[in-house]
Structures are given as C-alpha cells and as structure tokens.
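Colleague:
There are 2 protein chains.
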Amino acid sequence: MLAAMAEPPPPPPKLPPLAAVRVFEAAARHQNFTRAGEELGMTQAAVSYQIRLLEDRVGAALFLRQPRQVVLTPLGQRLAGPLSRALHDIGSVFRAVCEENRTALTISALQTMAITWLSPRLAQFQIENPQVAVRVRTSQHLVDFATEAVDLALRYGPGGWPGVAAEKLFACHYAPLCTPELRERLHLREPADLLRAPLLSPEESSWRVWFADLGLDAPRQGGLAMSLEMQAMNVQAAMRGHGVAMAVPELFAYDIAAGRLVFAVEHAIRDRWSYWLVYPPARQREHKIRRFRDWILAEARAAELALPVMAGSKGLIHPSS
Amino acid sequence: MLAAMAEPPPPPPKLPPLAAVRVFEAAARHQNFTRAGEELGMTQAAVSYQIRLLEDRVGAALFLRQPRQVVLTPLGQRLAGPLSRALHDIGSVFRAVCEENRTALTISALQTMAITWLSPRLAQFQIENPQVAVRVRTSQHLVDFATEAVDLALRYGPGGWPGVAAEKLFACHYAPLCTPELRERLHLREPADLLRAPLLSPEESSWRVWFADLGLDAPRQGGLAMSLEMQAMNVQAAMRGHGVAMAVPELFAYDIAAGRLVFAVEHAIRDRWSYWLVYPPARQREHKIRRFRDWILAEARAAELALPVMAGSKGLIHPSS
DNA sequence: GGCAAGCATAAGGCACCCTTATGGCAGGCG
DNA sequence: CGCCTGCCATAAGGGTGCCTTATGCTTGCC
Numbered sequence: 018m019l020a021a022m023a024e025p026p027p028p029p030p031k032l033p034p035l036a037a038v039r040v041f042e043a044a045a046r047h048q049n050f051t052r053a054g055e056e057l058g059m060t061q062a063a064v065s066y067q068i069r070l071l072e073d074r075v076g077a078a079l080f081l082r083q084p085r086q087v088v089l090t091p092l093g094q095r096l097a098g099p100l101s102r103a104l105h106d107i108g109s110v111f112r113a114v115c116e117e118n119r120t121a122l123t124i125s126a127l128q129t130m131a132i133t134w135l136s137p138r139l140a141q142f143q144i145e146n147p148q149v150a151v152r153v154r155t156s157q158h159l160v161d162f163a164t165e166a167v168d169l170a171l172r173y174g175p176g177g178w179p180g181v182a183a184e185k186l187f188a189c190h191y192a193p194l195c196t197p198e199l200r201e202r203l204h205l206r207e208p209a210d211l212l213r214a215p216l217l218s219p220e221e222s223s224w225r226v227w228f229a230d231l232g233l234d235a236p237r238q239g240g241l242a243m244s245l246e247m248q249a250m251n252v253q254a255a256m257r258g259h260g261v262a263m264a265v266p267e268l269f270a271y272d273i274a275a276g277r278l279v280f281a282v283e284h285a286i287r288d289r290w291s292y293w294l295v296y297p298p299a300r301q302r303e304h305k306i307r308r309f310r311d312w313i314l315a316e317a318r319a320a321e322l323a324l325p326v327m328a329g330s331k332g333l334i335h336p337s338s
Numbered sequence: 018m019l020a021a022m023a024e025p026p027p028p029p030p031k032l033p034p035l036a037a038v039r040v041f042e043a044a045a046r047h048q049n050f051t052r053a054g055e056e057l058g059m060t061q062a063a064v065s066y067q068i069r070l071l072e073d074r075v076g077a078a079l080f081l082r083q084p085r086q087v088v089l090t091p092l093g094q095r096l097a098g099p100l101s102r103a104l105h106d107i108g109s110v111f112r113a114v115c116e117e118n119r120t121a122l123t124i125s126a127l128q129t130m131a132i133t134w135l136s137p138r139l140a141q142f143q144i145e146n147p148q149v150a151v152r153v154r155t156s157q158h159l160v161d162f163a164t165e166a167v168d169l170a171l172r173y174g175p176g177g178w179p180g181v182a183a184e185k186l187f188a189c190h191y192a193p194l195c196t197p198e199l200r201e202r203l204h205l206r207e208p209a210d211l212l213r214a215p216l217l218s219p220e221e222s223s224w225r226v227w228f229a230d231l232g233l234d235a236p237r238q239g240g241l242a243m244s245l246e247m248q249a250m251n252v253q254a255a256m257r258g259h260g261v262a263m264a265v266p267e268l269f270a271y272d273i274a275a276g277r278l279v280f281a282v283e284h285a286i287r288d289r290w291s292y293w294l295v296y297p298p299a300r301q302r303e304h305k306i307r308r309f310r311d312w313i314l315a316e317a318r319a320a321e322l323a324l325p326v327m328a329g330s331k332g333l334i335h336p337s338s
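Protein chains in written order, with this note's numbering: chain A, 18 to 338; chain B, 18 to 338.
Next comes the structure, spelled out in structure tokens:
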C-alpha cells in the first residue's frame, strides 16, 4: 500500500474492495449477516466488518439494521442486483474454464507420429473417454511447456531431458517394409534378396547401416539421414506396392497388423532414439494427464507386442554421441 | 480460514480469489505484468504472485511466458473477456451508486411541515442545485437514521436529542391568523376583539393559553392539544375566510408575506418546541448535507425575518416538563 | 422475565500479500 | 561479442488487513 500512499489524494480506485463485494452479495441474498457468514465460511463479525467497509467506501448505508433483520437500503438494492450478476458471471466463466481445463487435453506431436501412429488410436481413446476433448497440435520442434499451451507431448529423441517427466513409449527399430504382394512377387526371403529389390530412398543412411549390420554392401552408398516425413512418404509409396521402405515398424504397427505391410525380410536394426511421452512433472497427478498417460502407454505396449520380436538387434541408428 | 480448513476436502469456493481476478484482468489488458502493476499501484512481483495464484486455482497456465512478453493462453483468453466485462460492470454500478449517493438527498419531514413550509421553498433549492435530486419522505414519527434510509430530517420538538446533530431552524410561535378581508370585516384591532370572532377549533388548548397570556378568558375552555394536521386544516379554512386559526405563523410565512394571511391581532405566544434540522453527525462534512444545511438555515432565517418580530412572547406551549 | 436471534464492537493474532532484492533470459546495439 | 535493457520469476521478510473470539445490546417471543 505504500505506493498508493505516495500521493496525498490517493486516486480512488475505480473498483471497490472485491472481497467486500462478495460478502455484500451474499448478505444481500440472505438478508442476514449470520447466514451469509455461514455460506462464506466466516463469522458474522467478519461479515459485519466487510459490509461496514463497503458502506464506508460508498459513503452511505447499504443495509438498514432493524431489530431482528437487516434490509437493503434503496442504494443497497441498486447495488445488489448488478453485483450478484457480475459475481455470478465471474463464477460461471471460472467454472467453465476449470471444466475445460479439466477435460480438454492438448497434445503436441510430430506430424508423422500424429498421422501414422496417434490419430488411428486416438479414436478409441475418445470412445473410452468421451468427457475428454483431445486436441492434437503438430509441430516440428521440441515443445516447451512453459511457452506453449500444451498438456503433454510425444517426443522423439534420446530421452534424459531435464525438467520434464518422460516415459518411453517404445524403442524404435528400422526394418524394410513392403506389401505382402511385392514380397511374394520378388520372392524376398533373406536380406540379400533386397539387393535386387526396388528400395525407396536407397541413399538414406539407414539402408547402409541395415545392410552393414548384416555384412552386406548397400547397393548405393549415401550418408543422408532420413527425415521422418520422408519416411512416412516412403511407407505410403511402399504400401502402394512401389517398393521397399526402410522405416520404423512401430509407427506402422496398425498397417502391419492389418496385413497392408509386411517385413520384406526378417531383420531389424535398433534405433537408440525412442518415442517418449513427455509432460510437466508438476501435473503428473492430474486426472486427465494420468488418464491419457495410462492409455497411451498401454497402446504403445500393445503396438510393440503386435510386432515380431526385434530383440537382439543392435543400436546402430543415432549412436550415443 | 480456520473454518474453511475444518473439512478435509475444503469445498472449493465457487468464486476465485477476486483480488487475483482484478490483477489478472489488468495484466491481460496490458499483456504486461509490469504495466499492470503500475496501473494497480503495486509491483511487478505482486502481479506475478497473484497471477500464479489464479493459475494454481484454475490448474492451468493463463499466460505463456515468452522471452520479452507474456501472452494469454487460450484458457486465459476465455477468461479475460468475461472477467473484464464483469469487473467493468461492478465498477460501473459502484460509480453509479456513489454518484447517486453523492447527489440524491432524502429528507424526512412531517407531513404538515413538508407541505406548508418545505415544498414551496424546495423548488428554489432545486433550481440552485440542479445536480442534487431531492426526495422528500413524509412520516409522522421521529426518524431513526440507523433504521431509515434518510439523509436528514426536519424534526419538531424540544431539541437535545442524543446522537444526532440538530440545528434549530426557527422557534415556533402561536398566533391567530386569518385573511385580511376577515380582519377588516370584523374590525379586529386588539386581542379582545377575537372573543367575538369565529375561531377555528376554539377548544384547542393553544387558544386558551393565548387568551390567558393576555389575561382574557377564552370563549370555550378546552384542553385538547392541536395536532399539526388539524392546524394545517384550520389554516386552509382560515385562508378561505372561514374564520381565525391559531397556528404557527412561521410555517405560513409565505402566505403571510403574500398577503393571503395576516395576523388577526398582533399578539403571539411562544412555543418551547422548535423545528430542527437533524442529521447524523458523522455525515456533517458531506457536500450534499452541508449544501442543504446551509440553504435551509438561510431559508429559515429569511422566513423568520419576513415575520413581524414576535420577541418577548413567553413560552407557554410545551412548557419544559 | 428469561431466552433466542441477530448485529455491533473491541481486542488480538495470524496469514496473506506486498515489497525489496536478485537472477535469468532474450533481444538490441555498439 | 559483450554490455545493456526490458521483462518476468523467485526468495526472503515484514506489515497489516482481515478474521476469530468474546461480549454487549436490542428486540421479539414464550
């Protein structure tokens, strides 16, 4: 209050003390200080104090103290209606926003992840949790919870981020994928068979690593790291029978399970980077966070289990430093 | 807060902390905590504190802290509009009520006083003070400022009331009044002439006292005290030439000044009771109170001066116990 | 006449909130 | 590239506003 006292005539704040307003509204509604105090969880004396405060501010009585009751003065009546309305509005919008916050869930995910993995599964989550309104926001860069209005994020990376809770969704592998028709037509049975197959983006480094892991020379050497978007496009092409795509099978578990995609040959290499569920640790206990967390972790497990075991493959993509 | 802590789950109050709401509204308007603090006369740290408080209550961020600025989250935007509106409404109705309180003036007066003395003069006050809205409320009993919504009152009595500021408007006298025509027609010159004149309510004690004061016997002895209403009726009758009324000439100074009434003979007795301006001493300094006070005291002086000097008459009505 | 209901008032204490002070971060600028 | 500035977060500390308890007063009711 020191600043307010700097000027001799403290410019009267346009707004009355709002705590007193709240008390007045309750008192006006009950026409009874004691009852108002009960509603507000305070004593009758406190109500009396606040009402007096407000009356001093207005400069006139708002209640007439009659023997067994208090009644509003004309001035008090003038105040009570609009104030009650305004406080009701404030309460309403607050409840609405709290409710929205409680139910709306904004998820940030990489475009590819959102399209290929998340959205096909999200429908089921919506069915199981109709009260939660899920919004997916795609972005390319890592999200900062302090700067972006996002509840949780699906990240792709090595893990170990500071300041966030991160739970691994699934480890990533790289394996050649194609349609079952293509595999049959080309008689793909063992890794070396791929050397004569139409590879999609054969210059990508993942192909080289994959072949090298088997002691084979890649048909075309290249050093380009494959972007996730390119990977998704390649898989789309592969799914139309245009060739074999080197991709993360976990991302396409649905297509594999549905028979639209198969492993061209049974060999996968490990990616040190994984997909993670990431969220602010402070919000761990929130219902909606927990709910989504449990669901997506279960989905990730299911997706992993739906794939042939790829254990034993070495981590050759994104080697640690 | 002790009462709120009684129950393990303190039933979440429907309303958010209103002080925080006010701060939030300013911060949202400025999109700048420092500026909002200046507007509210507090420091940036305090703003930050209050915003955090509100965010904790909602359970979500309302502002995104970006390097050089803060911006509202979608949730914050949802809040800002309605809250700003509500606070504006509160401020509006408050200013309106303060203004009304500052300008509206409710005067309590006895019916007779209001009709015969106050209202003819009030028009002039309204002309001189157009910004003040005067309301006259008539009542028969003495007003209690704590119980009735009245700014000031005109009382008739002995004075010396506890707890109120009382200023004497004018002392009261009793004198016989009639039309000048009646006085001429009956050749009323000295008090004894009234013994043959048509007296209105001759049984009233004031007549007896008046005659006794002159050493005369009243034509009809009676002990009834005259009600003010009866007095006014008698004066009305007198003004129509129906007789001579024993009344308080101060109340009819206008009619006397206008020549509609004259003293039937030049003799008055004194009433110990007077008319007083009464108001709560706490409100002495209020502009509208002071304004009306000054005006009505001046009017009372003028009304007294307009009458023939009635000094020297003894106080025989309402003798002190 | 005692009792209950209801509000005002005084005294006292604590919690809240504000201030001061400091640090971090990013952008602008020389 | 380093300094400065604008802006916010955070910690520590203190003052006071507000609430509670206790008491008194008035009135209406049995």
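Here a beta-carbon is modelled for each residue, glycine too, at the ideal position from N, C-alpha and C.
In angstroms, rounded to a whole number, what distance separates the CA positions of R52 of chain A and F41 of chain A?
Modeller: Counting from one through the first sequence, the residue named residue 52 of chain A turns up at place 35. Counting from one through the first sequence, the residue named residue 41 of chain A turns up at place 24. Those two C-alpha atoms are separated by around 12 Å.
Colleague: Going along chain A, which residues have a C-beta under 7 Å from P75 of chain B?
Modeller: For the purposes of this step, residue 75 of chain B is identified with residue 58 of the second sequence, where counting begins at 1. Reading off the sequence shown, one finds Val at residue 75 of chain B, where the question assumed Pro. Near V75 of chain B (Cβ distances below 7 Å), the residues of chain A are V114, C115 and N118.
Colleague: Out of A:D210, A:I107, A:A43 and A:Q83, state which residue places its alpha-carbon closest to the alpha-carbon of T60 of chain A.
Modeller: Within the first sequence, the letter at position 43 stands for residue 60 of chain A. Selected option, being the one with the closest Cα: A:A43.
Colleague: Taking any Cβ of chain A, which residues in the stretch 298-328 of chain B have a Cβ under 9 Å from it, in chain order?
Modeller: From the stretch 298-328 of chain B, only R300 and E303 have a Cβ closer than 9 Å to chain A.
Colleague: What's the C-alpha gap between E201 of chain A and A270 of chain A?
Modeller: Taking the first residue of the first sequence as 1, we reach residue 201 of chain A at position 184. Taking the first residue of the first sequence as 1, we reach residue 270 of chain A at position 253. Spanning the two alpha carbons is a distance of roughly 20 Å.
Colleague: Do the stretch 65-85 of chain A and the stretch 31-39 of chain A meet, that is, are 3 or more Cβ pairs less than 8 Å apart?
Modeller: The stretch 65-85 of chain A is in contact with the stretch 31-39 of chain A.
Colleague: Using a Cβ cut-off of 8 Å, pull out every chain B residue sitting near L96 of chain A, in sequence order please.
Modeller: In the first sequence, residue 96 of chain A corresponds to position 79, counting from 1. Under the 8 Å cutoff, chain B gives V110, F111 and V114.
Colleague: Checking 8 Å against the spacing of the C-beta atoms, do A103 of chain B and I306 of chain A come in under that value?
Modeller: Position 86 of the second sequence, counted from the start, is the residue given in the question as residue 103 of chain B. Position 289 of the first sequence, counted from the start, is the residue given in the question as residue 306 of chain A. No, the pair does not count as a contact, with Cβ atoms beyond the cut-off.
Colleague: Could you run through the stretch 145-159 of chain B and flag, in chain order, every residue whose CB is less than 8 Å away from some CB of chain A?
Modeller: Cβ contacts with chain A come from no residue of the stretch 145-159 of chain B.
Colleague: In whole angstroms, what is the alpha-carbon distance linking A323 of chain B and W312 of chain B?
Modeller: Taking the first residue of the second sequence as 1, we reach residue 323 of chain B at position 306. Taking the first residue of the second sequence as 1, we reach residue 312 of chain B at position 295. Using only the alpha carbons, I get a separation of about 16 Å.
Colleague: Alpha carbon to alpha carbon, how far is L212 of chain B from E246 of chain B? Give it in angstroms, no decimals.
Modeller: Position 229 of the second sequence, counting from 1, holds the residue named residue 246 of chain B. Position 195 of the second sequence, counting from 1, holds the residue named residue 212 of chain B. Whole-angstrom Cα-Cα distance: 24 Å.
Colleague: Give the secondary structure of D73 of chain B by DSSP, where H, G and I count as helix, E and B as strand, and everything else as coil.
Modeller: On the second sequence, position 56 is the one that residue 73 of chain B refers to. Helix at D73 of chain B.
Colleague: Taking 8 Å as the CB-CB limit, is A350 of chain A close to chain B?
Modeller: Outside the shown range of chain A (18 to 338) lies residue 350 of chain A, about which nothing can therefore be said.
Colleague: Can you name the residues of chain B whose CB is closer than 7 Å to the CB of V40 of chain A?
Modeller: For this step, residue 40 of chain A is matched to residue 23 along the first sequence. What V40 of chain A touches in chain B: nothing, since even the nearest Cβ is about 11 Å away.
Colleague: How big is the Cα-Cα spacing for L127 of chain B and S244 of chain B?
Modeller: Reading the second sequence from its first residue, position 110 is the one you call residue 127 of chain B. Reading the second sequence from its first residue, position 227 is the one you call residue 244 of chain B. Cα to Cα, the separation comes out at about 11 Å.
Colleague: Taking only beta-carbon atoms, is K31 of chain B less than 8 Å away from chain A?
Modeller: As a first step, residue 31 of chain B must be located in the second sequence, where it is residue number 14. Chain A, which has a Cβ nearer than 8 Å to the Cβ of K31 of chain B, makes this yes.
Colleague: What three-state label does DSSP hand S291 of chain A in the structure shown?
Modeller: Mapped onto the first sequence, residue 291 of chain A falls at position 274. S291 of chain A: strand per DSSP, three-state reduction.
Colleague: Report the rounded CA-to-CA distance for S222 of chain B versus V265 of chain B, giving the unit in angstroms.
Modeller: By 1-based counting over the second sequence, the position of residue 222 of chain B is 205. By 1-based counting over the second sequence, the position of residue 265 of chain B is 248. Distance between the alpha carbons of S222 of chain B and V265 of chain B is about 14 Å.
Colleague: Bridge partners of A126 of chain B, per DSSP?
Modeller: Taking the second sequence and counting its residues from 1, one reaches residue 126 of chain B at position 109. In DSSP, A126 of chain B forms a bridge with B:T155 and B:L171.
Colleague: Between the C-alpha atoms of E24 of chain A and L57 of chain B, what's the straight-line distance to the nearest angstrom?
Modeller: In the first sequence, the residue the question calls residue 24 of chain A occupies position 7. In the second sequence, the residue the question calls residue 57 of chain B occupies position 40. Since pLDDT at E24 of chain A reaches only 36, below the 50 mark, its modelled position is unreliable, and no value is offered.
Colleague: Under 6 Å Cβ to Cβ from E321 of chain B, same chain only, skipping five residues before and after it: list those, please.
Modeller: One-based indexing of the second sequence puts residue 321 of chain B at position 304. Result list for E321 of chain B: F187, in chain order.
Colleague: Here's the rule: buried if 16 or more other CB atoms are within 10 angstroms of the residue's CB, otherwise exposed. What is L193 of chain A?
Modeller: Reading the first sequence from its first residue, position 176 is the one you call residue 193 of chain A. Going by the sequence as given, residue 193 of chain A is Pro instead of Leu. Result: buried.
Colleague: Rounded C-beta distance between W293 of chain B and A166 of chain B? I'm assuming under 8 Å.
Modeller: In the second sequence, the residue the question calls residue 293 of chain B occupies position 276. In the second sequence, the residue the question calls residue 166 of chain B occupies position 149. With 8 Å as the limit, W293 of chain B and A166 of chain B do not qualify as a contact, their Cβ atoms being about 20 Å apart.
Colleague: Would you verify that the beta carbon of T51 of chain B is, or is not, closer than 8 Å to some beta carbon of chain A?
Modeller: Position 34 of the second sequence, counting from 1, holds the residue named residue 51 of chain B. With 8 Å as the cut-off, T51 of chain B does not count as an interface residue toward chain A.
Colleague: Which residues in chain B sit within 9 Å of L100 of chain A, going by Cβ to Cβ distance?
Modeller: The sequence position of residue 100 of chain A within the first sequence is 83, counting from 1. In chain order: D106, I107, V110 and F111.
Colleague: Against P91 of chain B, what residues of chain A qualify as contacts under a CB-to-CB distance less than 8 Å, listed in chain order?
Modeller: As a position in the second sequence, residue 91 of chain B is number 74, starting the count at 1. The answer, in chain order, is A166.
Colleague: Considering only C-alpha positions, which residue in the set A:E145, A:H105, A:A281 and A:A62 is nearest to W227 of chain A?
Modeller: For the purposes of this step, residue 227 of chain A is taken as residue 210 along the first sequence, with counting starting at 1. Comparing Cα positions, the closest option is A:A281.
Colleague: Step through the CB atoms of chain A and report whether any lies within less than 8 Å of the CB of A103 of chain B.
Modeller: Residue numbering aside, residue 103 of chain B sits at position 86 when the second sequence is read from its first letter. Chain A, which has a Cβ nearer than 8 Å to the Cβ of A103 of chain B, makes this yes.
Colleague: Quick one, which of A:V295, A:G276 and A:M263 has its alpha-carbon nearest R287 of chain A's?
Modeller: Your numbering for residue 287 of chain A matches position 270 in the first sequence. R287 of chain A has its Cα closest to that of A:M263, out of A:V295, A:G276 and A:M263.
Colleague: Find the nearest neighbour of R152 of chain B within the set B:S125, B:T129, B:W178 and B:Y173, judged by alpha-carbon distance.
Modeller: Locating residue 152 of chain B in the second sequence gives position 135, where the first residue counts as 1. When each option's Cα is compared against that of R152 of chain B, the closest is B:S125.
Colleague: Can you look up L35 of chain B in the DSSP assignment and give me helix, strand or coil?
Modeller: Residue 35 of chain B sits at position 18 when you count from the first residue of the second sequence. L35 of chain B: helix per DSSP, three-state reduction.
Colleague: Looking at the C-beta of A21 of chain A, does it have a partner C-beta in chain B at a distance below 8 Å?
Modeller: If you number the first sequence from 1, residue 21 of chain A lands on position 4. Its pLDDT being 40, under 50, A21 of chain A is placed unreliably in this model, and the coordinates cannot settle the point.
Colleague: So who's on the other strand from C195 of chain A, going by DSSP bridges?
Modeller: Reading the first sequence from its first residue, position 178 is the one you call residue 195 of chain A. Answer is A:V279.
Colleague: Can you list, in chain order, the residues of its chain whose CB lies under 6 Å from that of F162 of chain A, leaving out five sequence neighbours each side?
Modeller: As a working mapping, residue 162 of chain A is identified with position 145 in the first sequence. So the list reads P297, once near-sequence residues are dropped.
Colleague: V181 of chain B to V160 of chain B, Cα distance in whole Å?
Modeller: The residue labelled residue 181 of chain B in the question sits at position 164 within the second sequence. The residue labelled residue 160 of chain B in the question sits at position 143 within the second sequence. Between V181 of chain B and V160 of chain B, the C-alpha separation is close to 11 Å.
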